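Asker: For what it's worth, the UniProt record's numbering labels the leading residue of the sequence shown as 1, then goes sequentially.
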Amino acid sequence: MSVAGKNKKKEKAFAECPGCPKTILSRDLERHKAECGCEDTPKLPYLTAKKLVALTAPAPDSSQAIPQDCFGWNKQTCALVSSDVLQQMRVMARTPCILRTLPERKVVGVVVLWSTSEMGPLRVHIPGQPNERLVEMEVVQSDSVRTVAAVSLEPISEKVPPFYGSKQFADFVRVYFANTFLIAGKPMACRYFGSICELRVQTNRNDGELVVLKTTTKTKIILDTDIADVCAQLEKLSLNIDNIGGCEDAKAKVQKFLIEPVQSKTPPCSVMLWGITGTGKTLFLNVIKRLVSASSVLSLKDPLFTQHLTHLSSSNNVVLIDDYESEAAAQHIEAICTFLDNGNTLVLAVREVEAVDMRLRRRIPVEVEMRVPSQGERIEILKVLLNQRKALKELSDEQMKDVAMQTHGYTGADLKSALKIASMEKEGSLSDRLLAATRQVRPTGLRQFILEVPNVRWEDIGGYEELKKEIQQAVVWPQMYPEVFARFGIQPPTGILLYGPPGCSKTLVARALASQSKLNFLAVKGPELFSKWVGESEKAIRDIFHRARQVAPAILFFDEIDAVAVARGSDQGGNRVGDRVLTQLLTELDGLEKKSGVIVLAATNRPDTIDGALLRPGRLDRAIYVTLPDVESRKSIINIHFERMQIHPDVKVEELAERTQGYSGAEVVAMCRNAALIAMRENLHAEHVTGAHFDESIRSVVPRTDKRTLEAYDRFKRGEPSKDEEEY
Numbered sequence: 001m002s003v004a005g006k007n008k009k010k011e012k013a014f015a016e017c018p019g020c021p022k023t024i025l026s027r028d029l030e031r032h033k034a035e036c037g038c039e040d041t042p043k044l045p046y047l048t049a050k051k052l053v054a055l056t057a058p059a060p061d062s063s064q065a066i067p068q069d070c071f072g073w074n075k076q077t078c079a080l081v082s083s084d085v086l087q088q089m090r091v092m093a094r095t096p097c098i099l100r101t102l103p104e105r106k107v108v109g110v111v112v113l114w115s116t117s118e119m120g121p122l123r124v125h126i127p128g129q130p131n132e133r134l135v136e137m138e139v140v141q142s143d144s145v146r147t148v149a150a151v152s153l154e155p156i157s158e159k160v161p162p163f164y165g166s167k168q169f170a171d172f173v174r175v176y177f178a179n180t181f182l183i184a185g186k187p188m189a190c191r192y193f194g195s196i197c198e199l200r201v202q203t204n205r206n207d208g209e210l211v212v213l214k215t216t217t218k219t220k221i222i223l224d225t226d227i228a229d230v231c232a233q234l235e236k237l238s239l240n241i242d243n244i245g246g247c248e249d250a251k252a253k254v255q256k257f258l259i260e261p262v263q264s265k266t267p268p269c270s271v272m273l274w275g276i277t278g279t280g281k282t283l284f285l286n287v288i289k290r291l292v293s294a295s296s297v298l299s300l301k302d303p304l305f306t307q308h309l310t311h312l313s314s315s316n317n318v319v320l321i322d323d324y325e326s327e328a329a330a331q332h333i334e335a336i337c338t339f340l341d342n343g344n345t346l347v348l349a350v351r352e353v354e355a356v357d358m359r360l361r362r363r364i365p366v367e368v369e370m371r372v373p374s375q376g377e378r379i380e381i382l383k384v385l386l387n388q389r390k391a392l393k394e395l396s397d398e399q400m401k402d403v404a405m406q407t408h409g410y411t412g413a414d415l416k417s418a419l420k421i422a423s424m425e426k427e428g429s430l431s432d433r434l435l436a437a438t439r440q441v442r443p444t445g446l447r448q449f450i451l452e453v454p455n456v457r458w459e460d461i462g463g464y465e466e467l468k469k470e471i472q473q474a475v476v477w478p479q480m481y482p483e484v485f486a487r488f489g490i491q492p493p494t495g496i497l498l499y500g501p502p503g504c505s506k507t508l509v510a511r512a513l514a515s516q517s518k519l520n521f522l523a524v525k526g527p528e529l530f531s532k533w534v535g536e537s538e539k540a541i542r543d544i545f546h547r548a549r550q551v552a553p554a555i556l557f558f559d560e561i562d563a564v565a566v567a568r569g570s571d572q573g574g575n576r577v578g579d580r581v582l583t584q585l586l587t588e589l590d591g592l593e594k595k596s597g598v599i600v601l602a603a604t605n606r607p608d609t610i611d612g613a614l615l616r617p618g619r620l621d622r623a624i625y626v627t628l629p630d631v632e633s634r635k636s637i638i639n640i641h642f643e644r645m646q647i648h649p650d651v652k653v654e655e656l657a658e659r660t661q662g663y664s665g666a667e668v669v670a671m672c673r674n675a676a677l678i679a680m681r682e683n684l685h686a687e688h689v690t691g692a693h694f695d696e697s698i699r700s701v702v703p704r705t706d707k708r709t710l711e712a713y714d715r716f717k718r719g720e721p722s723k724d725e726e727e728y
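1. Name the DSSP bridge partner or partners of W274?
2. Quick one: Cα of E138 to Cα of K43, how far?
3. Taking all protein chains shown into account, decide if T266 is buried (16 or more other Cβ within 10 angstroms of its Cβ) or exposed.
4. When you compare the CB positions of L102 and L134, do they come within less than 8 Å of one another, or not?
5. By a C-beta neighbour count over all protein chains shown, 10 Å radius and 16 as the cutoff for buried, is R718 buried or exposed?
6. Just curious, the alpha helix (DSSP H) that E16 is in, first and last residue?
7. For D559, which three-state DSSP category applies?
8. Between which residues of its own chain and V524 is the CB-CB distance below 8 Å, once the five residues before and five after are set aside?
9. Under DSSP, the beta strand (DSSP E) around D402 begins and ends at which residues?
10. Regarding V151 and the ligand GTP, is the C-beta to nearest heavy atom distance less than 7 Å?
11. Whose C-alpha, out of T660, T627, I196 and T180, is nearest the C-alpha of I156?
12. Here's the rule: buried if 16 or more other CB atoms are within 10 angstroms of the residue's CB, otherwise exposed. What is E432?
13. I276: which of N131, G409 and K256 sits nearest, CA to CA?
14. Short check: CB of S115 to CB of A79, under 8 Å?
15. Thinking just about the alpha-carbon of each residue, which of K401, K416 and A355 is nearest to the one in residue 744?
16. My understanding is that I244 touches G280, with C-beta atoms under 8 Å, so please give their C-beta distance in whole angstroms.
17. Verify whether the separation of the beta carbon atoms of L285 and V319 is less than 8 Å.
18. What residue range is occupied by the uninterrupted alpha helix (DSSP H) comprising G109?
19. Could you tell me whether the Cβ atoms of F257 and V366 are closer together than 8 Å?
20. Three or more C-beta pairs closer than 8 Å, one from the stretch 500–508 and one from the stretch 654–669: is that the case here?
21. Can the beta-carbon of I421 be found closer than 8 Å to that of V441?
22. With H, G and I counted as helix, E and B as strand and the rest as coil, what does DSSP make of G495?
23. To which residues of the same chain is A150 closer than 6 Å at the C-beta, ignoring the five residues directly before and after it?
24. Would you give the residue range spanned by the alpha helix (DSSP H) that T438 belongs to?
25. Compute the Euclidean distance between the alpha carbons of E369 and G412, then round it to the nearest angstrom.
26. Going by the DSSP bridge assignment, what does K390 pair with across the sheet?
27. May I ask you to report which of helix, strand or coil DSSP gives D621?
28. Would you decide whether H685 is buried or exposed? Buried here means 16 or more other CB atoms lie within 10 Å of its CB.
29. For A670, report the span of its alpha helix (DSSP H) as first-last.
30. Are the CB atoms of A552 and V598 nearer to each other than 8 Å?
31. Should Y481 be labelled buried (16 or more other beta-carbon atoms within 10 Å of its own) or exposed?
This is how it looks when you write it as structure tokens:
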């Protein structure tokens, strides 16, 4: 066959979509056209000039597929694709790309493209990635890569191998990670004499931005030995479970069901430790290993995992498995279940308990949640960390309490990071340095949640003085004066409903409350909770409350609560998902699972549509009517905006406030903004907004809240049924 014939055959493998800039496989063209422009996540492989979505494939048979000069991390991140793909993308070999898993688009790291004739079109082989999965590779722009003169690596796990601090290992790491691309904070694994060492690049950034670093043969690679030193100190201690700060519930369960039975020579229970990263699961495993003389700590990533487990199944052994991952465990489930069925004991550390296969989960009777530490537990953790650094006397009990109050949502690992940053500073007291460090370390307990950090002051809300006092009394006082509530024998409000016309600062009040009370603020839009999958909407409600409890004290704010709390029986659809979501919400508010410091704040424009069961005492037991602003409130709103505007002296605030009777707060703001736009439209060089501009603005911005709506709010305030209910 001629060269032209071969090229023509290659070109037929790809086709360009006429509706989008994607190049796909010719055989997938019709299927792609049907889905083009309406897919949330890619379902078919494709490529563009800067992105490749490909299906992972096994390694080619030929040993020549991977470049001969690839060694170490370069070899682990070599993405093998066909030469046709590089031609279509118009990129050269060894081009770095950000690798993401699909459909969640989770960043894995950086891979380097390399061509081979043994790989099919839009197929890719990446070491360590499961086969037959779609992955996304986005070309890294050259100006986004930072060549570094030095980079610091730290171990991910607190369980550090004994050779970690040796010069030989440091030399090996320098060669292993030379001339390669790294992403700050992402895990990297290297094998050293049969042991897998997981490292990551240290970073103080907390903005979530990806930083791609390029090392050279001259890059100085530094191994952080701080964790190794701490582990060495722990080894020297007569370590027992009381040396762990906080985690009182977890310590009690592990002591009762595992440690005491082993020490008394009775059969122990298998235990699952689960919780977000940094809560102390690995530290618990280290303590358990010493106290019960566990046979081994195994890693699911070890290719010989099954052989090791089979060897240990012959007698009564206690085996620890750290960092359980469902994908890595899938091929080992049968071996683990057989190990447990033979009368052995397993201690499992996992981040998400739902990720554990049910066949394994039913064989582990004790599940221990490693929660984000409370304020008292954070004080205990600080004492342990300071004692390890021989700095316990540098902080008084009052200073420790201040630090603990400022670190809601911090795990033990976060406190350790903050203390490490503080120790690097030399100026000021340890207390001041530690408080400054906490502003650099974003708490793990909040990092993955729907979190806002509002910057709204009470002064930013015009008027509504009585409303501000009432809501502060309901939310802030229980946090500031718990002893007074205890003395009177009353419980603080469980939840608060803000209702009123649109544009009357309900959401703004919630933001100001969170900002000024210093409580964690989790904001949820009502419609966001609904999912097309059966059971997912209810699960979202459970997860929201569970996460709020983890970072308590916190405000859980439901905006547009009427979307999820509509009266039962009003759902005209066949699946009645609204009723199920409401039932789950009522269950959470009833405290079947302790809310522990979570205040529910809800806002709605339609209180008449909310199910009455939600409004009984013990649930949303305070309903606060946020009315249209009165004349004094309108003056305050106008004055706040006049501070930022150039206003002609002839404009009278009192007159504008009188003329805007019936306006909502948002409409008053719109009137001021529109007057400024009118002035700009007349003359871009105008120095003032005059009374004439406000006259025209008032004519164009009219109040939208009618009398019937206000009457409905008044009836709801008096507890009377709506007109629709009366007709029914």
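Where is the CB? At the ideal position from N, CA and C, for every residue including glycine.
Predicted model only: the values in this text are computed from it and were never measured.
Answerer: By the coordinates alone:
1. Working through the sequence shown from its first residue, we reach residue 274 at position 274. Answer by DSSP bridge pairing, in chain order: V350 and E369.
2. Counting from one through the sequence shown, the residue named residue 138 turns up at place 138. Counting from one through the sequence shown, the residue named residue 43 turns up at place 43. Those two C-alpha atoms are separated by around 17 Å.
3. On the sequence shown, position 266 is the one that residue 266 refers to. Answer is exposed; the Cβ neighbour count stays below 16.
4. Residue numbering aside, residue 102 sits at position 102 when the sequence shown is read from its first letter. Residue numbering aside, residue 134 sits at position 134 when the sequence shown is read from its first letter. Result yes, Cβ atoms of L102 and L134 sit closer than 8 Å.
5. Your numbering for residue 718 matches position 718 in the sequence shown. It is exposed - the Cβ of R718 has fewer than 16 other Cβ atoms within 10 Å.
6. Indexing the sequence shown from 1 puts residue 16 at position 16. Run containing E16: none in the alpha helix (DSSP H); it sits in the beta strand (DSSP E), F14 to E16.
7. In the sequence shown, residue 559 corresponds to position 559, counting from 1. Three-state result, D559: strand.
8. Stepping through the sequence shown from its first residue, residue 524 is reached at position 524. Contacts found: I450, I544, L556, F557, F558 and D559.
9. As a first step, residue 402 must be located in the sequence shown, where it is residue number 402. Not the beta strand (DSSP E): D402 falls in the alpha helix (DSSP H), residues D397 to M405.
10. By its list of ligands, the structure shown contains no ligand whatsoever, and the ligand GTP lies outside what it can speak to.
11. Counting from 1 along the sequence shown, the entry for residue 156 is found at position 156. Ranked by Cα distance from I156, the options T660, T627, I196 and T180 are led by I196.
12. Taking the first residue of the sequence shown as position 1, residue 432 is located at position 432. This sequence places Asp at residue 432; Glu is not what is there. Answer is exposed; the Cβ neighbour count stays below 16.
13. On the sequence shown, position 276 is the one that residue 276 refers to. For the residues N131, G409 and K256, the minimum Cα distance to I276 belongs to G409.
14. Taking the sequence shown and counting its residues from 1, the one referred to as residue 115 is at position 115. Taking the sequence shown and counting its residues from 1, the one referred to as residue 79 is at position 79. No, the pair does not count as a contact, with Cβ atoms beyond the cut-off.
15. Given a span of 1 to 728 for the chain in the structure shown, any question on residue 744 remains unanswerable.
16. For this step, residue 244 is matched to residue 244 along the sequence shown. For this step, residue 280 is matched to residue 280 along the sequence shown. At roughly 6 Å, the Cβ-Cβ gap stays under 8 Å, so I244 and G280 are in contact.
17. Taking the first residue of the sequence shown as position 1, residue 285 is located at position 285. Taking the first residue of the sequence shown as position 1, residue 319 is located at position 319. No.
18. Position 109 of the sequence shown, counted from the start, is the residue given in the question as residue 109. Per DSSP, G109 belongs to no alpha helix (DSSP H); it is in the beta strand (DSSP E), K106 to S115.
19. Here residue 257 is taken as the residue at index 257 of the sequence shown, counted from 1. Here residue 366 is taken as the residue at index 366 of the sequence shown, counted from 1. In this structure, F257 places its C-beta atom within 8 Å of the C-beta atom of V366.
20. yes
21. Taking the sequence shown and counting its residues from 1, one reaches residue 421 at position 421. Taking the sequence shown and counting its residues from 1, one reaches residue 441 at position 441. Yes; because the gap between Cβ atoms is below 8 Å, this pair is in contact.
22. If you number the sequence shown from 1, residue 495 lands on position 495. Looking at G495 - three-state DSSP - the assignment turns out to be strand.
23. Within the sequence shown, residue 150 is the residue found at index 150, counting from 1. Contacts found: K220.
24. Here residue 438 refers to the residue found at position 438 of the sequence shown. Here the alpha helix (DSSP H) through T438 covers L430 to T438.
25. Numbered from 1 along the sequence shown, position 369 holds the residue referred to as residue 369. Numbered from 1 along the sequence shown, position 412 holds the residue referred to as residue 412. Taking the straight line from one Cα to the other gives about 15 Å.
26. Taking the first residue of the sequence shown as position 1, residue 390 is located at position 390. Answer is none; K390 lacks a bridge partner.
27. Looking up residue 621 in the sequence shown gives position 621. Coil.
28. For the purposes of this step, residue 685 is taken as the residue at position 685 of the sequence shown. Exposed, since its Cβ has fewer than 16 Cβ neighbours within 10 Å.
29. In the sequence shown, the residue the question calls residue 670 occupies position 670. Per DSSP, A670 belongs to the alpha helix (DSSP H) from G665 to E682.
30. Here residue 552 refers to the residue found at position 552 when the sequence shown is read from its first residue. Here residue 598 refers to the residue found at position 598 when the sequence shown is read from its first residue. In this structure, V598 lies closer than 8 Å to A552 by Cβ.
31. In the sequence shown, the residue the question calls residue 481 occupies position 481. So Y481 ends up on the exposed side.
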